[in-house]
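Visitor: Quick one: this structure, given as structure tokens, is what I'll be asking you about.
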Amino acid sequence: MRNARERNEAMHTESGIFVRNGYNVLTSMRMIENFSRLRLLDLRSLIRHLPGGRSPGRPALARAPENLSLKQDTGSVPPVISGSRWTLAHTLLAAFLALAIIPLVIVTTLTAINSRQALRTEINIGLQRDAKALADNVDSMLFERIKDLVGWRDQEIMQDAAVNDVDKRLAGMLENIQNSYQGLYSRLEFVDNDGKVIASSLRHAIGEQRERVRPWQTVRFSDAAIFIDPLRDGPRRELAIHTPVVNRYTGESLGELYSYLDWTNIQELLAQAAGLKGKDHPRLSLLVDRSGHVIDDVANALQWRTIHWKPVVSVSDEGLLTIEDSKGRQWRFLASEADSDNRPERSGLGWRSIVAEPRDLAFAPVTRLLHLQLIILGLVAVLAILASYFLSRRISGPIRDLSDFAREFDEHRDASVPDTGGVREVRELRSAFEEMTRRLFQSRIQLVRASKLAAVGELAANMAHEVRTPLGILQSSAQLLSQDQGLSDQGREMIDFILDETRRLDRLITMLLECGRPRSAVLTLIDLHETIDAVVELLSQKAAEKTIAIDTALEADHSEIEADREQITQVLINLLLNAIQILPPGGQIRIGTRETARGLALEIADSGPGIPPEDRQRVFEPFVSGRDGGFGLGLSIVHQILEQHHAEIEVADSALGGALFRIFLPNQHSTQTKTEERR
Numbered sequence: 000m001r002n003a004r005e006r007n008e009a010m011h012t013e014s015g016i017f018v019r020n021g022y023n024v025l026t027s028m029r030m031i032e033n034f035s036r037l038r039l040l041d042l043r044s045l046i047r048h049l050p051g052g053r054s055p056g057r058p059a060l061a062r063a064p065e066n067l068s069l070k071q072d073t074g075s076v077p078p079v080i081s082g083s084r085w086t087l088a089h090t091l092l093a094a095f096l097a098l099a100i101i102p103l104v105i106v107t108t109l110t111a112i113n114s115r116q117a118l119r120t121e122i123n124i125g126l127q128r129d130a131k132a133l134a135d136n137v138d139s140m141l142f143e144r145i146k147d148l149v150g151w152r153d154q155e156i157m158q159d160a161a162v163n164d165v166d167k168r169l170a171g172m173l174e175n176i177q178n179s180y181q182g183l184y185s186r187l188e189f190v191d192n193d194g195k196v197i198a199s200s201l202r203h204a205i206g207e208q209r210e211r212v213r214p215w216q217t218v219r220f221s222d223a224a225i226f227i228d229p230l231r232d233g234p235r236r237e238l239a240i241h242t243p244v245v246n247r248y249t250g251e252s253l254g255e256l257y258s259y260l261d262w263t264n265i266q267e268l269l270a271q272a273a274g275l276k277g278k279d280h281p282r283l284s285l286l287v288d289r290s291g292h293v294i295d296d297v298a299n300a301l302q303w304r305t306i307h308w309k310p311v312v313s314v315s316d317e318g319l320l321t322i323e324d325s326k327g328r329q330w331r332f333l334a335s336e337a338d339s340d341n342r343p344e345r346s347g348l349g350w351r352s353i354v355a356e357p358r359d360l361a362f363a364p365v366t367r368l369l370h371l372q373l374i375i376l377g378l379v380a381v382l383a384i385l386a387s388y389f390l391s392r393r394i395s396g397p398i399r400d401l402s403d404f405a406r407e408f409d410e411h412r413d414a415s416v417p418d419t420g421g422v423r424e425v426r427e428l429r430s431a432f433e434e435m436t437r438r439l440f441q442s443r444i445q446l447v448r449a450s451k452l453a454a455v456g457e458l459a460a461n462m463a464h465e466v467r468t469p470l471g472i473l474q475s476s477a478q479l480l481s482q483d484q485g486l487s488d489q490g491r492e493m494i495d496f497i498l499d500e501t502r503r504l505d506r507l508i509t510m511l512l513e514c515g516r517p518r519s520a521v522l523t524l525i526d527l528h529e530t531i532d533a534v535v536e537l538l539s540q541k542a543a544e545k546t547i548a549i550d551t552a553l554e555a556d557h558s559e560i561e562a563d564r565e566q567i568t569q570v571l572i573n574l575l576l577n578a579i580q581i582l583p584p585g586g587q588i589r590i591g592t593r594e595t596a597r598g599l600a601l602e603i604a605d606s607g608p609g610i611p612p613e614d615r616q617r618v619f620e621p622f623v624s625g626r627d628g629g630f631g632l633g634l635s636i637v638h639q640i641l642e643q644h645h646a647e648i649e650v651a652d653s654a655l656g657g658a659l660f661r662i663f664l665p666n667q668h669s670t671q672t673k674t675e676e677r678r
């Protein structure tokens, strides 16, 4: 009895000790769990203060890149360049205007200069021709009269003056000659040595006394001396040409034979030279003597009639003639001159004929052309300004929009790249901006993820040291206690609870270590389809517990990939477990593969609630979870593993109504196809 009582007391004592120890173990487990949760809370608090961090909660997922800015990344924001207001639009506008107007100005200037030179050359040729023609015509007119005078002098009837028998016969002859020349001569006279008119074509002039004047010009014609008196003004201007008449036998002077040339014949020649181009284009023609005095002039315009000419000089080498009138005004002409020619049978008069044209009127066509070109230049300038403004705005506007977008991108990262349109280069620039912003967005996400993972790694290292040691002691103690044969059912239940909790905490620490410091992938050639079948078979029991159907459609012809089998298996397990855990009973999961240009596509679709578009980029961040009880590390580990395999993952809507995870894995066939396409 005593032994039985002692055994019972010992059992009660052992049971009490076990209960007390079990209670202490449970208390320690709770302390370790609380410590771990505090560490996790510290980690989440730390991540909340990281760029893009936020305390994760069930209602909303953490938005990774929202608070990440250039100022946080680099410590500064892009500066707005100040100073010169000269913009690309101004540069393009100036360039377009220069390209449009400068050539036109050059062409207009060259056209005006060349036109002026060509017109001046043509005018000079015409003036030279007309001046030469005028000089020849005047010479011909005068020397024909001299020739006539010499011929009349040598007639026999002139010898009648020796016997004073000239009044009737000679006067009749002179009258007949004047009538036959029809107004060429104003009168013909024979004057004796005393200056008395003894014969005349005008009967009333016989007996009149003529005053002898000093000859103005002396011309030698054959063996005769011909004298030309100064031009006589009066009701009718006339030029007196006379020559001595001598006795053939004695050589004594009998008197002089006068022919009075009607000066209107010379004026007609001047008028002809001045009026070749009509009244709308007046010209000036002059006869000038050896001293530069004007003998006579004729203008074909009324404005020249009021000018009282002063002595002039010859035309300059540049073909210019400047004449000053009585009022001191200077008139500039384009002019050409021609001298009276000396010929073998007679000497020249020494006169010069000048034909001139007002310079302003001569260049009037060029001036009108220049005015027209200036008008055209002005119109072209206006059109060029409008076109240049439009083109510069069309080219610089999109660039300015892109510049504004780039400057404000830090504050409005949800804004899309503006649709620039425009020329191909601007469209290519927009595409480059779009690609740049996409990469920058991805870089920010990766930076946030890397920052969080760094914090996770640091915490995991601390927890592995601070938690795993006492956790291992608890687990070992619980395992030793579980070996006691006298353990009650309540004690065993508590031991099992302790072991489950320690294993759960150990898995948490392992996940933190894998998330913070993933191991490097060991790539080998594996068959993805075989790996998928193995994982589906592994999780089939867990899916069957919720009556979830897992269908496969493995359509890829080439399923061999270079990958780490263990890590790819972990990716499949994480994705399928997430789907199984989030799906309600009776849900559906579909796994498929196909070949694409981006590689071997692996698609895992479910019929669950799906993932909103705004949260699809954030589900791969640490501690971002959409279900109760999740740590939010599974998809982050998936993303890390796929990055090591140079694979891509994206989230979309599935045909089953839930989420679709699409993974592009590089395989041997896609790599060879890309290489052949490059070749």
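Heads up: the sequence shown begins at 0 in numbering that gives the first Met the number 0, then just goes up one per residue.
Cβ coordinates follow ideal geometry from the N, Cα and C atoms, glycine included.
Once you ignore the five residues that flank S185 on each side, which residues in its own chain have a CB closer than 7 Å to its CB?
Guide: R235, E237, Y259, D261
Visitor: Would A646 and I662 qualify as a contact pair, given that the criterion is a beta-carbon distance under 8 Å?
Guide: yes
Visitor: Looking at L470: is its Cβ nearer than 8 Å to the Cβ of L507?
Guide: Result no, Cβ atoms of L470 and L507 do not sit closer than 8 Å.
Visitor: Does the distance from the CB of S481 to the CB of R491 come in under 8 Å?
Guide: yes
Visitor: If you compare alpha carbons, which of A380, A198, G194 is closest to A170?
Guide: A198
Visitor: Measuring CA to CA, which of V293, A604, L283 is closest to D550?
Guide: A604
Visitor: Bridge partners of V314, per DSSP?
Guide: In DSSP, V314 forms no bridge with anything.
Visitor: So the beta strand (DSSP E) P357 belongs to, where does it begin and stop?
Guide: 351 to 357
Visitor: Look at the alpha carbon of G377 and the alpha carbon of T90, and state the distance between them as a whole number of angstroms.
Guide: 21 Å
Visitor: Just list the residues that DSSP pairs K679 with in beta bridges.
Guide: Lying outside 0 to 678, the shown extent of the chain, residue 679 is not represented and no answer is given.
Visitor: Roughly how many angstroms separate the alpha carbons of N666 and Y388, rounded to a whole number?
Guide: 54 Å
Visitor: Can you give me the Cβ contacts of A578 inside the same chain, cut-off strictly under 6 Å, excluding the 5 residues immediately before and after it?
Guide: Closer than 6 Å at Cβ, skipping near neighbours: I588, D605.
Visitor: Only counting the same chain, and skipping five residues up and downstream in sequence, which positions put a Cβ closer than 7 Å to that of A134?
Guide: Exclusion of the five residues before and after A134 leaves A337, D338, S339, S352 as the residues of its chain whose Cβ lies within less than 7 Å of its Cβ.
Visitor: Distance cutoff 8 Å, beta carbons only. Does E554 sit that close to anything in chain D?
Guide: As a matter of chain content, chain D is missing from the structure shown, which is built from one protein chain.
Visitor: Quick check on DSSP: helix, strand or coil for D483?
Guide: coil
Visitor: Do G126 and V354 have their C-beta atoms within less than 8 Å of each other?
Guide: Here residue 126 turns out to be Leu, not Gly, going by the sequence shown. Yes, they are a contact pair.
Visitor: Measure from the alpha carbon of Q154 to the alpha carbon of each residue in Q266, A543, F142, R168, then state which is nearest.
Guide: R168
Visitor: Closest by CA to A380, which one among S200, L320, L87, A97?
Guide: A97
Visitor: On the DSSP bridge list, what partners appear for Q216?
Guide: DSSP links Q216 through a beta bridge to I227.
Visitor: Would you please state the rounded distance, in angstroms, between the beta carbons of P357 and F332? I believe it to be under 8 Å.
Guide: 6 Å
Visitor: Buried or exposed: which applies to Y248, given that a residue is buried once 16 or more other Cβ atoms fall within 10 Å of its Cβ?
Guide: exposed
Visitor: Check for me: the beta strand (DSSP E) holding D261 runs from which residue to which?
Guide: 252 to 261
Visitor: If you reduce the DSSP assignment to three classes, tell me which class E536 lands in.
Guide: helix
Visitor: Under 8 Å, do V711 and L253 count as touching if we go by C-beta distance?
Guide: Outside the displayed range of the chain (0 to 678) lies residue 711, so it cannot be described from this structure.
Visitor: Please classify A61: is it buried, with 16 or more other beta-carbons within 10 angstroms of its beta-carbon, or exposed?
Guide: The predicted model places A61 with a pLDDT of 37, which falls under 50 and marks its position as unreliable; any figure quoted below should be read in that light. A61 comes out buried.
Visitor: Helix, strand or coil: which one does DSSP assign to F362?
Guide: coil
Visitor: Just curious, the alpha helix (DSSP H) that T568 is in, first and last residue?
Guide: 564 to 581
Visitor: For the putative contact between N264 and Q158, defined by C-beta atoms under 8 Å, what is the C-beta separation to the nearest angstrom?
Guide: Going by Cβ atoms, the distance from N264 to Q158 rounds to 31 Å, so no, they are not a contact pair.
Visitor: Is it true that the CB of R429 sits closer than 8 Å to the CB of P397?
Guide: yes
Visitor: Assign T546 to one of two classes, buried (16 or more other C-beta atoms within 10 Å of its C-beta) or exposed (fewer than that).
Guide: exposed
Visitor: Take D526 and list the residues in its own chain whose beta-carbon comes closer than 7 Å to its own, dropping the five residues that flank it on each side.
Guide: S558, E559
Visitor: Just how far apart, CA to CA, sit L524 and R564?
Guide: 9 Å
Visitor: Regarding L582 and the ligand SAH, is the C-beta to nearest heavy atom distance less than 7 Å?
Guide: The ligand SAH is not part of the structure shown, which contains no ligands of any sort.
Visitor: How is N192 classed by DSSP in three states: helix, strand or coil?
Guide: coil
Visitor: Looking at the unbroken alpha helix (DSSP H) that takes in S635, where does it start and where does it end?
Guide: 633 to 643
Visitor: Just to confirm, is the Cβ distance from I531 to I590 under 8 Å?
Guide: yes
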